[in-house]
Amino acid sequence: MRISPDRERILNKLQSEINYQFKDIELLNTSLTHSSYVNENKGKCDKSNERLEFLGDSVISLVVSEYLYKRFIEFPEGDLTKRRASVVCESSLAFAARKINLGDYLLLGKGEDATGGRDRDSILADAFEALTGAIFVDGGLKSAKDFLLGQFEREVIYALSKGNLFIDYKTELQEILQKRGISKIEYRVEKETGPDHNKKFYMNVLIEGKIIGSGMGRNKKEAEQMAAKQALLKIGETDG
1 MRISPDRERI
11 LNKLQSEINY
21 QFKDIELLNT
31 SLTHSSYVNE
41 NKGKCDKSNE
51 RLEFLGDSVI
61 SLVVSEYLYK
71 RFIEFPEGDL
81 TKRRASVVCE
91 SSLAFAARKI
101 NLGDYLLLGK
111 GEDATGGRDR
121 DSILADAFEA
131 LTGAIFVDGG
141 LKSAKDFLLG
151 QFEREVIYAL
161 SKGNLFIDYK
171 TELQEILQKR
181 GISKIEYRVE
191 KETGPDHNKK
201 FYMNVLIEGK
211 IIGSGMGRNK
221 KEAEQMAAKQ
231 ALLKIGETDG
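The numbering of the sequence shown is UniProt numbering, which starts it at 1 and goes up by one.
This is the structure:
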């Protein structure tokens, strides 16, 4: 599939975001090509990201397994297996994909795009696996490991103690404030922008009418999580 100059500019933006430059940019493009796009563009595009997704799944499992093995030396095999499963599950990988706005770079069929495919957990998780697989093919295991741990190390380290890469910042904030004698927390939408298929929500979290955190997301739940995360940063309970 020939990559247009406009598409190459978009891919370059992603490469800057993930701090990795592909030797073969076609690998990157393939990792972001959903099967629905291939089905609608037969003759023009014949490679989806499914094979890279298959490979990336194994690479992620290996990197996380090694990390767990070295960091939690006291854990038996059963505990390591459970913790790995929670870190590499669909919701965790989709969360990781959203951190780099991976949905914005996907090539999707018109129908898939129109029905919210860019923010669907299954598609984002698969694309994250495919991107990891592409980095592995292009630069080897070290590059893939550097991407996974370098891009998300603080989240991974913190989340491993919790057993999931998706950190529930709202619950964390609620528990911390309750310990400080504060029980009422309010989340309030500040504004909404964008068309219906690509909305952005801006959310504030308040205590007694005072804003302690703000965040943006593609839906209200995500915006609430980001607002809670900023609140935690302000009160010094997470280093982001």
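Cβ coordinates follow ideal geometry from the N, Cα and C atoms, glycine included.
Please read all numbers here as calculations on a predicted model, not as lab measurements.
Asked: Same chain, Cβ closer than 6 angstroms to Val63, five either side skipped, listed in chain order; Found: Lys145, Leu148
Asked: Glu175 - DSSP class collapsed to helix/strand/coil; Found: helix
Asked: Stretch-stretch touch, CB-based, cutoff 8 angstroms, three pairs: the stretch 129 to 145 with the stretch 68 to 86; Found: no
Asked: Test item: CB-CB of Ser58 and Arg84 under 8 angstroms; Found: no
Asked: Beta-carbon separation (whole angstroms), Tyr169 vs Lys229, contact threshold 8 angstroms; Found: 4 angstroms
Asked: When Leu206, Lys234, Pro195, Ile207 are compared against Asn219, the one with the closest alpha-carbon; Found: Pro195
Asked: Nonlocal neighbours in the same chain, by C-beta distance under 7 angstroms from Ala227, ignoring five residues either side; Found: Tyr187, Met203, Asn204, Val205, Gly213, Ser214, Gly215
Asked: CA nearest to the CA of Asp119, picked from Ser91, Leu232, Leu52; Found: Ser91
Asked: Assigned exposure category for Asp126 - 16 Cβ within 10 Å defines buried; Found: buried
Asked: Leu108 versus Asp24, Leu124, Ala97, residue with shortest Cα-Cα distance; Found: Leu124
Asked: Sufficient close CB pairs (3 or more, under 8 angstroms) joining the stretch 35 to 44 to the stretch 128 to 137; Found: no
Asked: Check whether Tyr105 and Leu27 have beta carbons under 8 angstroms apart; Found: no
Asked: Outcome for Thr171 when other beta-carbon atoms lying within 10 angstroms are tallied against a minimum of 16; Found: exposed
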